[in-house]
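Numbering (UniProt numbering) for the sequence shown: 1 to 529.
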Amino acid sequence: MSGVLRNKVQRKFKMRGYSLKVEALSEVLSFLSHFPSDALDDALELLLDELHHLSLKSSILDREPVHKVVSLLLEADAAVEENPSSSSSSASALRVIDTFIVPKFRYDPVKKFFHEHTGRLPIHGNASAKATLYKDRFLLLFQRVSRDPRFSTLAFDASSSDYDSCEISPIQSLVGRVGRRWIMGVISQLEDGHFYLEDLTAAVEVNLSSAKITTGFFVENTIVLAEGEMQLDGVFQVKTCGFPPLEDREKSMAFFSGLDFFGGGILTKEETLRLAELEKNAVNDMFVILSDVWLDNEETLGNLETILNGYENVEVVPSLFVFMGNFCSQPFNLSFKSISSLRVQFGKLGQMIASHQRLKEHSRFLFIPGPDDVGPSTALPRCPLPKYLTEEFQKYVPNAIFSSNPCRIKFYTQDIVLFRHDMLYRMRRSCLIPPSTEETNDPFEHLVATIIHQSHLCPLPLTVQPIIWNYDHGLHLYPTPHTIVLGDKSEQKAFRYTGVTCFNPGSFSNDGTFVAYRPCNQEVELSAL
């Protein structure tokens, strides 16, 4: 029987493209010995599926990767046996993910695969980290575009394609070539008043004066696709310019299954289906999201008390309250001398919440710092509010969560990104070309289109908004999340773009606006006092 099983294991692995060394084969046989004979096939398929999720260096497997997967599967099986009722509740719990613990992946254009960065990422990167930031952004979008039928390289006869050929040419190849070409690159200002498109091969000066553009804000640092032709003076005359086309979330997930870009863990197909069903039934779950909660403003605190009183008396209290900064009406800078009073204000907020017994017991409270809040720097991503400010508050509400900006929420199968920054004002000021009015005149819709197509929360120049080079991946939006919350001091807005729900809760302290969000059906209720 053992010889038959051994041959069966080797055959199954060979069908998946793997070869087993002797030690790895022994590990697999040891794993299968834990199961009855009628469950061996299912156990073996499960093992192969989990191995597929690993980033393997070779198709010839030694003991180490097999042992890693086997250990995880046996631990999970033992946990279910010890407490079978806890498995559903633990997996379905709402999870808040700090940006600084999100895994970092880098795309290899040769192997056409993402590799996870291992090891420590220093806050202060060296000079090469800045160049890597741009390279990673470019390759992230390039691999997405390369799968689009309109821009993919034709392998055989062009007539076999349903699309006109829009093959992307490397910028280096433009020298000495005539006729229209498509290129892809980062908009850069290498000389004052002269703009260039850069890819990984070269840079070319571009003339955008007569370009027809798509929806969005075209600012320095954004990555664009441009159609045009080289002029005799070496300038690329752009005729059409737009952002890289989007890819469905499901398609992205299918191509790179087993990679945890979001940071919420990897789910099996069975878990995903089960959680999706629970998510549909979670009709009572609601998030209340407020931005600009000035704790040093009496009117703001009075309005906040009104909201808490209202939700205290509803039949089912909200699952989560999200408070986004700024938490003080005055920006934190060298002249700011109210840190101790702000600490006291947080303590008062804690007392206010604690006086609402149902909210304290059944709701969770998440705090995200704003651009002008207390912190080590204004660079993104921003770390959570310092413990000195929040420890008084936590005496009254010990289960409160203080997270980074941006931060992420995993709700069952749903990915939600929360970001507090005054992006609309900065993007409009940094525009190189007036936005197109062909599809929309709404600046918020232009902002949403820009960040989704760029797969990045803040595609501004680093001179306008500094970013910690080694943690730029924390602002990536790939694969595209289900919901993006853009806290901004501008007018309250909601917009659904290519299946992604985006909204700005408005400025609570300025105009009393906030949002009630139901994640089960992605319903956004724009509210105001």
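Ideal Cβ placement from N, Cα and C applies to all residues, glycine included.
A quick note: this is a predicted structure, and the numbers were derived from the prediction, not measured.
Item: Closer than 7 Å by C-beta to Asn-284: which residues in its own chain qualify, once you throw out the five before and the five after it? Chain order, please.; Value: Val-316
Item: Identify every residue that forms a DSSP beta bridge with Cys-431.; Value: Val-219
Item: Could you tell me the distance, in whole angstroms, from the CA atom of Pro-369 to the CA atom of Gly-474?; Value: 16 Å
Item: Should Leu-208 go down as buried or exposed, given a rule of 16 or more other Cβ atoms within 10 Å for buried?; Value: buried
Item: In whole angstroms, what separates the C-alpha of Ala-158 from that of Gln-143?; Value: The pLDDT assigned to Ala-158 is 46, lower than 50, so where the model puts this residue is not dependable; a value taken from the coordinates is nonetheless given after this. Roughly 21 Å separates the two Cα atoms.
Item: Mind pulling the beta strand (DSSP E) runs of 3 or more residues that sit fully within the segment 351–435?; Value: 364–368, 407–411 and 414–420
Item: Does DSSP classify Lys-21 as helix, strand or coil?; Value: coil
Item: So, do the segment 12–27 and the segment 59–77 have three or more beta carbon pairs nearer to each other than 8 Å?; Value: yes
Item: Using a Cβ-Cβ cutoff of less than 6 Å, which residues in the same chain neighbour Arg-496 once the five nearest sequence positions on both sides are dropped?; Value: none
Item: Grouping DSSP H, G and I as helix and E and B as strand, with all else coil, what is Leu-267?; Value: coil
Item: Nearest chain B C-beta to Ile-368 closer than 8 Å, yes or no?; Value: Chain labels in this structure do not include chain B; a single protein chain is all it has.
Item: What does DSSP give as the partner residue(s) for Ser-338 in the beta ladder?; Value: In DSSP, Ser-338 forms no bridge with anything.
Item: Where does Ser-160 fall in DSSP's three states?; Value: The pLDDT assigned to Ser-160 is 39, lower than 50, so where the model puts this residue is not dependable, and the model offers no usable value.
Item: Tell me the rounded alpha-carbon separation between Tyr-412 and Asp-260.; Value: 15 Å
Item: Short of 7 Å in beta carbon distance, which residues of its chain neighbour Pro-479, apart from the five on each side in sequence? Order them along the chain.; Value: Arg-249, Ser-252, Met-253 and Phe-261
Item: How is the alpha helix (DSSP H) around Leu-133 delimited, first residue to last?; Value: 127–145
Item: Is DSSP giving Ser-527 helix, strand or coil here?; Value: strand
Item: Of all the options Ser-335, Tyr-517, Leu-385 and Glu-361, which has the alpha carbon lying nearest to the alpha carbon of Phe-327?; Value: Leu-385
Item: Output needed for Phe-190: all residues of its chain with C-beta closer than 7 Å, excluding positions within five of it in sequence on either side, in chain order.; Value: This sequence places Leu at residue 190; Phe is not what is there. Once the five neighbours on either side are set aside, the close Cβ partners of Leu-190 are Tyr-196 and Ala-203.
Item: What's the C-alpha gap between Thr-440 and Leu-47?; Value: 50 Å
Item: What is the DSSP secondary structure of His-453, counted as helix, strand or coil?; Value: helix
Item: Hey, quick one: how far does the beta strand (DSSP E) through Asp-98 stretch, first residue to last?; Value: 95–98
Item: Between the alpha carbons of Ser-88 and Val-69, how many angstroms are there, rounded?; Value: With a pLDDT of only 38 at Ser-88, under the threshold of 50, the placement of this residue in the model should not be trusted, and no figure is reported.
Item: From the DSSP output, read off the bridge partner residues of Asp-108.; Value: Phe-113
Item: Let me confirm a value: Ile-101 is counted as buried when at least 16 other C-beta atoms fall within 10 Å, else exposed. Which label applies?; Value: exposed
Item: For Asp-415, which residues of its own chain have a beta-carbon under 6 Å away from its beta-carbon, when the five flanking residues on both sides are left out?; Value: Phe-262, Pro-481 and His-482
Item: Do the segment 426–439 and the segment 382–401 touch if we need at least three Cβ pairs shorter than 8 Å?; Value: no
Item: Could you spell out the range, first to last residue, of the beta strand (DSSP E) harbouring Met-324?; Value: 320–324
Item: Starting from the Cα of Ile-401, find the closest Cα among Ile-467, Arg-95 and Met-230 and give me that residue.; Value: Arg-95
Item: How would you write the range of the beta strand (DSSP E) that Lys-489 sits in, first residue to last?; Value: Counting along the chain, Lys-489 falls outside any beta strand (DSSP E), and DSSP gives it neither H nor E.
Item: What is the DSSP secondary structure of Val-235, counted as helix, strand or coil?; Value: coil
Item: Can you check whether the CB of His-446 is closer than 8 Å to the CB of Pro-371?; Value: no
Item: In three-state terms, what does DSSP make of His-124?; Value: coil
Item: DSSP puts His-194 in a beta bridge; with which residues?; Value: Glu-191
Item: Give me whichever residues DSSP pairs with Tyr-205 in a beta bridge.; Value: With the sequence shown as reference, residue 205 is identified as Glu, and Tyr is not the correct amino acid for it. For Glu-205, which the question treats as bridged, DSSP gives the partners Tyr-196.
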